[in-house]
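K.L.:
This is the structure, below, for whatever I ask next.
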Amino acid sequence: MIVDCCISPYAATKKSNEVIAHVYHKLCDMNVIALRFFTVYGPKQRPDLAINKFTELIINDKTIPMYGDGSTFRDYTYIDDIIDGIIKSINYVEKNNNVYEIINLGSSNPIKLCDMIDVIGKKLNKKPIIERMDMQPGDVDVTYADISKAKRLIGYEPNIIFEDGVEKFIEWYLNIYPKSNDSDAKKVLVYK
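For the sequence shown, the numbering used here begins at -7 and goes up steadily by one.
Next comes the structure, spelled out in structure tokens:
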């Protein structure tokens, strides 16, 4: 997909890296696969990213800032699926010559923001407290990974469904960040 008309600095830096990689591919005869990751989450996720941040806020009965009306979609991808795609990409580069490819690694199953918040709340057996905020400049309505090329070239197939990934993240989170004000934090997780 052509992404020459970016609307955020984040997207522009990703595109510029792909262009620079192409220059090195041509000038230095380097094999390159540029991987586009779509909203990666899981254990050890940065604390400022939504799933991590919202989990902490819900556990501590604090307000979640929700930008927009909750109808934006993100293609959340569990870290194990991303690692699988990276390994398959390395194998592809090792077995082929004159490679320059840009490949999307995502779940190809966008989740609505309000649904993501609800899933975290249900897994924690707590009702999220939401404060509606204006949309942030440069934010997009939908991210969606077309993974048809990844499937065809490297045999990529995401396996972790969103609800299971969130549950795995919360299990990790509750083991790493026990809350002093919530002695029963580890009992909060609702199992299927």
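Ideal Cβ positions, reconstructed from N, Cα and C, are used throughout, including at glycine.
Tell me which same chain residues have a C-beta within less than 6 Å of the C-beta of residue 111, skipping the five on either side of it?
P.N.:
The residue labelled residue 111 in the question sits at position 119 within the sequence shown. Cβ within range, chain order: 155 and 158.
K.L.:
Out of 78, 91, 80 and 29, state which residue places its alpha-carbon closest to the alpha-carbon of residue 15.
P.N.:
Along the sequence shown, one-based indexing puts residue 15 at 23. When only C-alpha atoms are compared, the closest one is 91.
K.L.:
Under 8 Å between the Cβ atoms of residue 130 and residue 50?
P.N.:
Position 138 of the sequence shown, counted from the first residue, corresponds to residue 130. Position 58 of the sequence shown, counted from the first residue, corresponds to residue 50. No, the pair does not count as a contact, with Cβ atoms beyond the cut-off.
K.L.:
What's the call for residue 167, buried or exposed, on a 16-neighbour Cβ count within 10 Å?
P.N.:
By one-based count along the sequence shown, residue 167 stands at place 175. With fewer than 16 other Cβ atoms within 10 Å, it is exposed.
K.L.:
Apart from the five residues just before and just after residue 136, which ones in its own chain have a Cβ nearer than 6 Å to its Cβ?
P.N.:
By one-based count along the sequence shown, residue 136 stands at place 144. Excluding sequence neighbours, residue 136 sits near 67 and 102.
K.L.:
Cβ of residue 60 within 8 Å of Cβ of residue 127?
P.N.:
Residue mapping note: residue 60 aligns to position 68 of the sequence shown, counting from 1. Residue mapping note: residue 127 aligns to position 135 of the sequence shown, counting from 1. In this structure, residue 127 lies closer than 8 Å to residue 60 by Cβ.
K.L.:
Give the secondary structure of residue 33 by DSSP, where H, G and I count as helix, E and B as strand, and everything else as coil.
P.N.:
Residue 33 sits at position 41 when you count from the first residue of the sequence shown. If DSSP states are grouped into helix, strand and coil, residue 33 belongs with the strands.
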